[in-house]
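There are 2 protein chains.
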Amino acid sequence: MRELGEMRCEVCRSGAPSASSEAIRQWLTEIPNWTVVDCDGTKQLTREYRFDNFVDALRFTNLVGKIAEMEDHHPSLLTEWGKVRLTWWTHKIKGLHQNDFVMAAKSDQLYLSL
Amino acid sequence: MRELGEMRCEVCRSGAPSASSEAIRQWLTEIPNWTVVDCDGTKQLTREYRFDNFVDALRFTNLVGKIAEMEDHHPSLLTEWGKVRLTWWTHKIKGLHQNDFVMAAKSDQLYLSL
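Which chain is which? The protein sequence lines are S and Y, in order. Our numbering applies: residue 1 is where the first sequence begins, and numbers increase by one. Our numbering applies: residue 1 is where the second sequence begins, and numbers increase by one.
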């Protein structure tokens, strides 16, 4: 099976099924630092990354922004001094899709590459 | 009286007094799009800016990041597709200081310059 971080986002249309609980459980084993949260009824995938200062945090935000544009899939990025809280979900289905787990894995790769 | 946007941040030490209600009321007349909110007992100054896409939102985040570094005063920036929620407060006093209003005014100037 291909690892999440090696996959690309696929086209996701309105009405596509959300990720199943079993799929989510399986994917989370590949990205153990991420948590599934419920935000006003929408499942989201979130992780906080730590940095030594504001500039490094903002640099990471920009790196994630670059892959978000490449994959045309956009997260929320809460940038503060020394930390970035990154949250992925799929607006079109108001929940979690495989794409979100792919992007979370790619984000982890970016962080490790710093 | 000098306008907020023309001022610089001053050194703020732990124990410095928070902005008075009267000062806050006065400053908000200069930055009418901002709101004072209470976040777990800490007063914060927040505003959402709108953009046409993700790239423009991220560009604004970077512009604010640049003045934050210049003034050594750092906000939280929630960047999403088409919007940035910018929040200023002063960590050292766990509340609002004149510096936050100065930075809010400077942020508005940046937005208008886009």
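Cβ atoms here follow ideal geometry from the backbone N, Cα and C, with glycine treated the same way.
List the residues of chain Y that residue i touches, going by C-beta distances under 7 Å, in chain order.
i, result
"Val55 of chain S", "Glu69"
"Glu30 of chain S", "Going along chain Y, no residue has its Cβ under 7 Å from Glu30 of chain S, so there is no contact; the nearest lies around 25 Å."
Can you pull the chain S neighbours of residue i, defined as C-beta to C-beta under 8 Å?
i, result
"Asn62 of chain Y", "Leu58 and Asn62"
"His74 of chain Y", "Phe54, Glu80 and Trp81"
Mind listing the chain S neighbours of residue i? Cutoff is C-beta to C-beta under 7 Å, in chain order.
i, result
"Glu48 of chain Y", "None at all; the shortest Cβ gap to chain S is about 12 Å."
"Gly15 of chain Y", "Simply none; closest approach about 20 Å."
"Gly41 of chain Y", "Per Cβ cutoff of 7 Å: no residues; Gly41 of chain Y is ~18 Å from chain S at best."
Under three-state DSSP, which class holds residue i?
i, result
"Leu96 of chain S", "coil"
"Arg2 of chain Y", "coil"
"Trp27 of chain Y", "helix"
"Leu114 of chain Y", "coil"
"Asp40 of chain S", "coil"
"Val11 of chain Y", "coil"
"Ser21 of chain S", "helix"
Which residue wins for smallest C-alpha separation from residue i, given the options the options?
i, options, result
"Leu58 of chain Y", "Y:Arg13, Y:Gly41 and Y:Val84", "Y:Val84"
"Leu4 of chain S", "S:Gln109, S:Leu112, S:Ala105 and S:Lys92", "S:Ala105"
"His74 of chain Y", "S:Pro75, S:Gly82 and S:His73", "S:Gly82"
"Ala16 of chain S", "S:Gln98, S:Leu114, S:Ser76 and S:Val37", "S:Gln98"
"Lys41 of chain S", "S:Phe51, S:Leu96, S:Arg47 and S:Glu6", "The residue you asked about is not Lys; residue 41 of chain S is Gly in the sequence shown. When only C-alpha atoms are compared, the closest one is S:Leu96."
"Val55 of chain S", "S:Asp108, S:Glu80 and S:Thr35", "S:Glu80"
"Phe101 of chain S", "S:Cys39, S:Leu77, S:Arg47 and S:Arg13", "S:Arg47"
"Gln44 of chain S", "S:Val64, S:Leu86, S:Cys12 and S:Arg13", "S:Leu86"
"Leu112 of chain Y", "Y:Trp88, Y:Ser14, Y:Leu78 and Y:Phe60", "Y:Phe60"
"Gly65 of chain Y", "Y:Cys39, Y:Asn53 and Y:Leu110", "Y:Leu110"
Which stretch, first to last residue, makes up the beta strand (DSSP E) that contains residue i?
i, result
"Thr61 of chain Y", "Note, Thr61 of chain Y: premise wrong, no beta strand (DSSP E); alpha helix (DSSP H) at Phe54 to Glu71."
"Thr90 of chain S", "Premise fails: Thr90 of chain S is in no beta strand (DSSP E) and is neither H nor E."
Against residue i, what residues of chain Y qualify as contacts under a CB-to-CB distance less than 8 Å, listed in chain order?
i, result
"Gly5 of chain S", "In chain order: nothing, as chain Y lies at least about 22 Å away."
Show which residues of chain S have a CB atom less than 9 Å away from the CB atom of residue i.
i, result
"Leu77 of chain Y", "Leu58, Thr61, Leu77, Leu78, Thr79 and Glu80"
"Gly95 of chain Y", "Result: empty, since nearest Cβ-Cβ is about 17 Å, beyond 9 Å."
Q: Examine the Cβ distances between the stretch 65-77 of chain S and the stretch 26-39 of chain S and report whether three or more of them are shorter than 8 Å.
A: no
Q.
Any contact between the stretch 15-23 of chain Y and the stretch 85-101 of chain S? By contact I mean 3 or more CB pairs, one from each, below 8 Å.
A. no
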